[in-house]
């Protein structure tokens with residue numbers, strides 16, 4: 035069974051192979067759409083390398099060895115903040131590449147299109163459809179257990195690449211079959227037309243990833259998580275006889291960051307450190323999600339200004 039780093043490594047190799055085939059077959063066939071598919075795959079491979087690097091940093095920081103200790107000394111707040119940055123760069127790059135290709139496709143159509151070698155084009159498209167299908171299905175199966183944002187984005191990229199390749203295959207077959215018929219004129223427009231259509235379809239797909247990554251970078255509070263923390267904190271306040279609380283919640287990549295400040299009465303009878311720790315344990319267990327990806331701070335004060 036794959037873990038996150040091993041799947042991403044396999045994805046990098048497969049993407050590099052598809053990218054190389056795309057660039058080579060794009061030149062041989064004279065197809066802008068195939069060349070675009072190769073460049074698109076190459077950009078995706080570069081982003082997957084960055085995703086793998088961040089994933090390995092997060093995994094290493096959670097271990098107890100000496101190297102991880104030195105890393106934690108230099109990055110005491112962890113590496114979670116790198117994850118949404120990579121996702122934002124990845125999604126934005128894919129959108130920009132697709133918009134650029136769409137502009138070139140429209141220009142090519144307006145200039146009357148161009149002829150291409152359909153044999154090379156059909157072989158490439160069929161090969162890419164097979165590779166993309168295998169990688170997407172593998173990623174979906176792996177991520178049912180891992181629930182990784184990186185793998186989820188990688189699966190979307192494979193689905194997009196497979197959709198591009200499948201559209202190219204259908205268009206190339208249509209253009210090849212139209213040669214020598216009254217519809218032969220469409221052969222010159224097949225390549226730029228299908229490229230424009232594919233770009234229109236794939237441009238919106240990474241927008242959700244970009245929006246979520248930007249939300250994480252800006253530390254926008256997730257409503258469902260805040261509501262859950264408010265409910266837990268409110269129950270603790272009632273049960274312990276506190277005055278009120280202040281909760282600060284954010285999601286950064288795969289990590290959740292929660293700060294809870296309980297405001298206690300000034301005349302509250304003294305308690306031992308162990309007693310306060312039991313309150314923390316109680317609140318932490320009710321919040322849930324304990325592990326390396328949860329950053330939970332719980333404080334007690336009689337001065338509201340310390341919690342604001």
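In this note's numbering, the protein residues as written are 35 to 342. Backbone N, C-alpha and C fix where the C-beta goes; we use that ideal spot for every residue, glycine too.
Looking at the secondary structure, which residues open and close the alpha helix (DSSP H) in which residue i lies?
i           : result
residue 43  : 38-63
residue 161 : 152-180
residue 117 : 116-144
residue 197 : 183-212
residue 310 : 307-321
So residue i and residue j are in contact, right, with Cβ under 8 Å, and what is the actual spacing, rounded?
i           : j           : result
residue 67  : residue 202 : 6 Å
residue 224 : residue 214 : Incorrect: roughly 15 Å between the Cβ atoms, too far for contact.
residue 282 : residue 269 : No, residue 282 and residue 269 are not in contact; Cβ-Cβ is about 18 Å, not under 8 Å.
residue 81  : residue 127 : 6 Å
residue 173 : residue 41  : 7 Å
Going straight from the alpha carbon of residue i to that of residue j, what length do you get?
i           : j           : result
residue 141 : residue 177 : 40 Å
residue 336 : residue 267 : 16 Å
residue 222 : residue 58  : 20 Å
residue 53  : residue 327 : 34 Å
residue 192 : residue 39  : 17 Å
residue 288 : residue 78  : 21 Å
residue 56  : residue 184 : 24 Å
residue 253 : residue 306 : 35 Å
residue 248 : residue 118 : 7 Å
residue 295 : residue 332 : 6 Å
residue 240 : residue 43  : 21 Å
residue 179 : residue 304 : 46 Å
residue 158 : residue 230 : 19 Å
residue 323 : residue 246 : 20 Å
residue 50  : residue 190 : 17 Å
residue 280 : residue 258 : 16 Å
residue 164 : residue 155 : 15 Å
residue 32  : residue 70  : The displayed coordinates of the chain run from 35 to 342. Any statement about residue 32 would go beyond what the structure contains.
residue 175 : residue 340 : 47 Å
residue 84  : residue 122 : 12 Å
residue 100 : residue 90  : The predicted position of residue 100 is uncertain, since its pLDDT is 49 and thus under 50; a value taken from the coordinates is nonetheless stated next. C-alpha separation (whole angstroms): 16 Å.
residue 188 : residue 145 : 35 Å
residue 48  : residue 37  : 17 Å
residue 88  : residue 186 : 15 Å
residue 152 : residue 72  : 17 Å
residue 330 : residue 243 : 26 Å
residue 168 : residue 260 : 39 Å
residue 226 : residue 60  : 13 Å
residue 206 : residue 264 : 57 Å
residue 262 : residue 290 : 13 Å
residue 273 : residue 313 : 10 Å
residue 325 : residue 137 : 47 Å
residue 116 : residue 182 : 14 Å
residue 211 : residue 250 : 49 Å
residue 161 : residue 238 : 26 Å
residue 86  : residue 149 : 40 Å
residue 308 : residue 129 : 53 Å
residue 219 : residue 256 : 54 Å
residue 131 : residue 139 : 12 Å
State buried or exposed for residue i, treating a residue as buried only when at least 16 other CB atoms are found within 10 Å of its CB.
i           : result
residue 45  : buried
residue 34  : This structure cannot speak to residue 34, because the chain is shown only from 35 to 342.
residue 311 : exposed
residue 285 : buried
residue 124 : buried
residue 319 : exposed
residue 236 : buried
residue 198 : buried
residue 300 : exposed
residue 74  : buried
residue 234 : exposed
residue 228 : buried
residue 321 : buried
residue 338 : exposed
residue 275 : exposed
Which residues bound the beta strand (DSSP E) around residue i?
i           : result
residue 289 : 289-297
residue 328 : 328-335
For the region 234-285, list the alpha helix (DSSP H) runs that are entirely contained and at least 4 residues long, ordered along the chain. Complete alpha helix (DSSP H) runs here, min 4: 241-251, 257-274.
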